[in-house]
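Undergrad:
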Amino acid sequence: MGVKLRIVNRLLILNCLVFAFSCSEKIEREVKEVKPNVLFILVDDLGLKDLSVTGSSFYETPNVDSIAKDGMEFTQGYAASRVCSPSRASIMTGKFTARHGITDWIGAKTGTAWREHGRHDQLLPAEYVHALPKEDISIAEAFKVNGYRTFFSGKWHLGDKGNYPEDHGFDINVAGWDKGSPMGGYFSPWNNPKLPIKKDGENLSMRLARETADFIGQNKDVPFFAFLSFYAVHGPIQTTQPKWKKYRDKAHKQGIAKEGYEMERVLPIRTVQDNPIYAGLVESMDDAVGVVLESLKTNGVADNTIVVFTSDNGGVASGDAFSTSNLPLRGGKGYQWEGGIREPFFIKVPWLAIKSKKSDFPVTGADFFPTLLDLAQLEQLPDQHKDGVSLKPILEGKTLNLERPLYWHYPHYGNQGGNPSSIIRLGDWKLIHYWENDFEELYNLREDPSEQNNVIGQHKKVAQKLSSQLLNWLKEVGARLPEKDKEYNANLAAKRHQNMVKEKMPALEKQRMDFLSEDFQPNADWWGSMITED
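If you want it as structure tokens, here you go:
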């Protein structure tokens, strides 16, 4: 009996061990199969040099900086367009702008209607698609079909009613509608039918962040895809009095430049970062980012959440609010040069031990779609994100042996001074084709990142190859082109240009000094910021 009992006991122990092992294996398998969350942070009109981590000595952005420091910074990161709607559509679809057809900000005039601006330009801008195409599978839809809870907060600007975020895969939409700027300003009461007012003086960026943080808290136990799309730092630029004073004092401490503007081809362009209103707006955005990052920690999901941070186009150096300088990059929002399309481009993947914190591989907004699918171990959709590539190998410390062309197509005039043009970048070479007169510029970005030296005369074969490749690709995807304006008047155009030099430039310099004066006050309640700090 004793022997039999020992055998039975051994069998029981063995069975228990087998059961325990199978349970452990099951738990380990389930842990491995836990889907990672995604937090995508998109800032409007933020230039590459508008962050302290990317070189600004004036703006202070510790929360955004932490994303770059804890993740990977792609130093050759690009938006898909020099203006907002096309760039945002490329993030959503994984396609370059000429392919999806949204080539200008939605609402911009085209054809003969362009004459209403009284600019006297040579071309009539091309027509474009006015809403995110429903035949496309958006990045939100791709995650939703895989069991993700999807959330959108902030600026949409990809179509009118019937083409809002909730019509393109987002379960929840907070504040996203057809408008591209903060209607009513950055302090409530604002004018946004998708964002109910809770209290007067509430900061818009902080409200969007809190809505996002609430969503994270409510969905911490399920996989989520959260897209926080700030209206900041788009004009009209506004801030609180304390933040204005902080940066006004900082500007004076650093030393006020005698002049803050110079003439670009069409408009004056800002050459210094010393606007205390814009600096305060940038800091408020950073404060809001901090709230959302903290919510990941407090809800216990920080270690399982991919964080993306980028912008939709370059900083506004000309036109709009003339807010910032992108130097040493040339141009800014609306421009064909690097200042118009180079962006902060950060991806943080907590579970990857990234050896090198920076990559100089040229990347674009179209790459986010396949990259995030890949990181989440979801099926790729190559027929959808045709122009993007997965950056996962780079994030894992591997080399991506791929030299692919990047394309931009903007057959329009920018409100900020840019010209109708198309661009190809391949390796270190960048060629710009201007549609007014088929003039071309060629730059070697490694040797001349500020695009000061057009070397097309010295490298004609390179230029011919790139030009042919660009024009053939545009034809292949059915890109729309601008047309000559038969009513173009060169004398009126020259007169307008002189007005920019003789009247606009001095007015901007005066405004700059007004913003920096000790007694500056925009109105009685500082744009409605009735609370001291948010």
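For the sequence shown, my numbering begins at 63 and goes up steadily by one. Here a beta-carbon is modelled for each residue, glycine too, at the ideal position from N, C-alpha and C. All values reported here derive from a predicted model rather than from experimental measurement.
Rounded to a whole number of angstroms, what is the C-alpha to C-alpha distance between tryptophan 589 and serine 250?
TA: Reading the sequence shown from its first residue, position 527 is the one you call residue 589. Reading the sequence shown from its first residue, position 188 is the one you call residue 250. Approximately 9 Å, taken between the alpha carbons.
Undergrad: Using DSSP bridges, identify the partner residues of tyrosine 140.
TA: Within the sequence shown, residue 140 is the residue found at index 78, counting from 1. For tyrosine 140, which the question treats as bridged, DSSP gives the partners Arg404, Thr426.
Undergrad: Take every Cβ of the segment 437-456, pair it with every Cβ of the segment 289-299, and state whether three or more of those distances are shorter than 8 Å.
TA: No, the segment 437-456 does not touch the segment 289-299.
Undergrad: Let me know the secondary structure DSSP gives phenylalanine 431 once reduced to three states.
TA: Locating residue 431 in the sequence shown gives position 369, counting from the first residue. Reduced to three states, the DSSP call for phenylalanine 431 is helix.
Undergrad: Quick one, are the C-beta atoms of aspartate 166 and serine 149 less than 8 Å apart?
TA: Here residue 166 refers to the residue found at position 104 when the sequence shown is read from its first residue. Here residue 149 refers to the residue found at position 87 when the sequence shown is read from its first residue. The answer is no: Cβ separation not under 8 Å.
Undergrad: What residues in its chain sit with their C-beta under 6 Å from that of glutamate 597, if we drop five residues either side in the sequence?
TA: Only positions 63 to 596 of the chain appear in this structure, which leaves residue 597 out of reach.
Undergrad: Is serine 418 buried or exposed, if buried means 16 or more other CB atoms sit within 10 Å of its CB?
TA: As a first step, residue 418 is located in the sequence shown; it is residue number 356 there, counting from the start. It counts as exposed.
Undergrad: Would you mind stating whether phenylalanine 371 and isoleucine 103 have Cβ atoms separated by less than 8 Å?
TA: Position 309 of the sequence shown, counted from the start, is the residue given in the question as residue 371. Position 41 of the sequence shown, counted from the start, is the residue given in the question as residue 103. Result yes, Cβ atoms of phenylalanine 371 and isoleucine 103 sit closer than 8 Å.
Undergrad: Give me, in chain order, the residues of the same chain whose beta-carbon lies closer than 6 Å to that of aspartate 311; leave out the 5 immediate sequence neighbours on both sides.
TA: Residue 311 sits at position 249 when you count from the first residue of the sequence shown. Nothing meets the Cβ criterion.
Undergrad: Among the candidates Ile331, Gln531, Gly352, Ile416, whose CA atom is the shortest distance from the CA of valine 126?
TA: The sequence position of residue 126 within the sequence shown is 64, counting from 1. The candidate whose alpha carbon is nearest that of valine 126 is Gly352.
Undergrad: Quick one: what does DSSP say proline 98 is sitting in, helix, strand or coil?
TA: Against the sequence shown, residue 98 aligns to sequence position 36. Residue state, collapsed to three classes: coil.
Undergrad: Ignoring anything shorter than 4 residues, give me the alpha helix (DSSP H) runs that lie fully in the segment 113-137, in order along the chain.
TA: As far as the segment 113-137 is concerned, its whole alpha helix (DSSP H) runs of at least 4 residues are 124-132.
Undergrad: Please classify glutamine 583: does DSSP put it in a helix, a strand, or coil?
TA: Taking the first residue of the sequence shown as 1, we reach residue 583 at position 521. It is coil, neither helix nor strand.
Undergrad: Using DSSP with H/G/I as helix, E/B as strand and the rest coil, what is tryptophan 589?
TA: Here residue 589 corresponds to residue number 527 of the sequence shown, with the count starting at 1. The answer is coil: DSSP assigns tryptophan 589 none of H, G, I, E or B.
Undergrad: With distances taken from CA atoms, which of Lys223, Asn281, Lys97 is nearest serine 357?
TA: The sequence position of residue 357 within the sequence shown is 295, counting from 1. With distances taken between Cα atoms, serine 357 lies closest to Asn281.
Undergrad: Around the C-beta of lysine 241, are 16 or more other C-beta atoms found within 10 angstroms, so that it is buried, or is it exposed?
TA: Indexing the sequence shown from 1 puts residue 241 at position 179. That one is buried.
Undergrad: Could you give the uninterrupted runs of the alpha helix (DSSP H) lying entirely in the segment 269-321, keeping only those of 4 residues or more?
TA: Qualifying alpha helix (DSSP H) stretches, in chain order: 303-316.
Undergrad: Jot down the residue ranges of each uninterrupted alpha helix (DSSP H) in the segment 552-581, minimum 4 residues, whole runs only, in chain order.
TA: Counting only runs of 4 or more, we get 552-561, 567-577.
Undergrad: What residue range is occupied by the uninterrupted alpha helix (DSSP H) comprising tryptophan 535?
TA: As a working note, residue 535 is residue 473 in the sequence shown. Run containing tryptophan 535: 522-538, per the alpha helix (DSSP H) assignment.
Undergrad: Going along the chain, which residues of its own chain have a beta-carbon closer than 6 Å to the beta-carbon of aspartate 336, five neighbours each way excluded?
TA: Working through the sequence shown from its first residue, we reach residue 336 at position 274. Ala313.
Undergrad: Taking all protein chains shown into account, do 16 or more other C-beta atoms lie within 10 angstroms of the C-beta of aspartate 449, making it buried, or fewer, making it exposed?
TA: Position 387 of the sequence shown, counting from 1, holds the residue named residue 449. Buried is the call here.
Undergrad: Residue range of the alpha helix (DSSP H) that tyrosine 226 falls in?
TA: Residue 226 sits at position 164 when you count from the first residue of the sequence shown. First-last for tyrosine 226: undefined, no H or E at that position.
Undergrad: In chain order, what residues of the same chain have a beta carbon less than 8 Å from the beta carbon of glutamate 92, not counting five sequence neighbours either side?
TA: Within the sequence shown, numbered from 1, the residue matching residue 92 stands at position 30. With a pLDDT of only 39 at glutamate 92, under the threshold of 50, the placement of this residue in the model should not be trusted; the figure read from the coordinates follows. For glutamate 92, where only same-chain residues beyond five positions count, there are no Cβ hits under 8 Å.
Undergrad: Is DSSP giving tyrosine 550 helix, strand or coil here?
TA: Taking the sequence shown and counting its residues from 1, the one referred to as residue 550 is at position 488. Looking at tyrosine 550 - three-state DSSP - the assignment turns out to be coil, as it is neither helix nor strand.
Undergrad: What whole-angstrom Cβ distance do valine 105 and valine 295 have, given they're in contact under 8 Å?
TA: Here residue 105 refers to the residue found at position 43 of the sequence shown. Here residue 295 refers to the residue found at position 233 of the sequence shown. Sure, about 7 Å apart at Cβ, within 8 Å.
Undergrad: Residue range of the alpha helix (DSSP H) that valine 369 falls in?
TA: What you label residue 369 is simply residue 307 of the sequence shown in a count that begins at 1. Taken as a continuous stretch (DSSP letters only), valine 369 belongs to no alpha helix (DSSP H), being part of the beta strand (DSSP E) at 367-373.
Undergrad: In three-state DSSP terms, what is glycine 246?
TA: By 1-based counting over the sequence shown, the position of residue 246 is 184. Glycine 246: coil per DSSP, three-state reduction.
Undergrad: Going by alpha carbons, who is nearest to glutamate 465 out of Asn553, Val451, Asp374, Val207?
TA: By 1-based counting over the sequence shown, the position of residue 465 is 403. Nearest C-alpha to glutamate 465: Val451.
Undergrad: In or out: serine 530 buried (at least 16 other Cβ within 10 Å) or exposed?
TA: Within the sequence shown, the letter at position 468 stands for residue 530. So serine 530 counts as exposed.
Undergrad: Specify, as a first and last residue, the run of the beta strand (DSSP E) that glutamate 324 falls within.
TA: Here residue 324 refers to the residue found at position 262 when the sequence shown is read from its first residue. Per DSSP, glutamate 324 belongs to the beta strand (DSSP E) from 323-325.
Undergrad: With H, G and I counted as helix, E and B as strand and the rest as coil, what does DSSP make of glycine 480?
TA: Translated into the one-based positions of the sequence shown, residue 480 becomes position 418. It is coil, neither helix nor strand.
Undergrad: Suppose the cutoff is 6 Å on Cβ atoms and the five residues either side in sequence are ignored; what does the same chain contact list for tyrosine 550 look like?
TA: Sequence index remark: in the sequence shown, residue 550 carries index 488 (1-based). Excluding residues within five positions, the ones whose Cβ falls inside 6 Å are Gln184.
Undergrad: Starting from the C-beta of serine 630, find all residues in its chain whose C-beta is less than 6 Å away, skip the five residues before and the five after it, and write them out in chain order.
TA: The question about residue 630 has no answer, for the chain in this structure spans 63 to 596.
Undergrad: Within its chain, find whatever has a CB closer than 7 Å to the CB of tryptophan 535; leave out the 5 residues flanking it on each side and keep chain order.
TA: Counted from its first residue, the sequence shown places residue 535 at position 473. Excluding sequence neighbours, tryptophan 535 sits near Tyr469.
Undergrad: Please confirm if the segment 185-199 is in contact with the segment 158-165, defined as three or more CB-CB distances below 8 Å between the two stretches.
TA: Yes, the segment 185-199 is in contact with the segment 158-165.
Undergrad: Could you have a look at tryptophan 252 and say whether DSSP puts it in helix, strand or coil?
TA: Taking the sequence shown and counting its residues from 1, one reaches residue 252 at position 190. Looking at tryptophan 252 - three-state DSSP - the assignment turns out to be coil, as it is neither helix nor strand.
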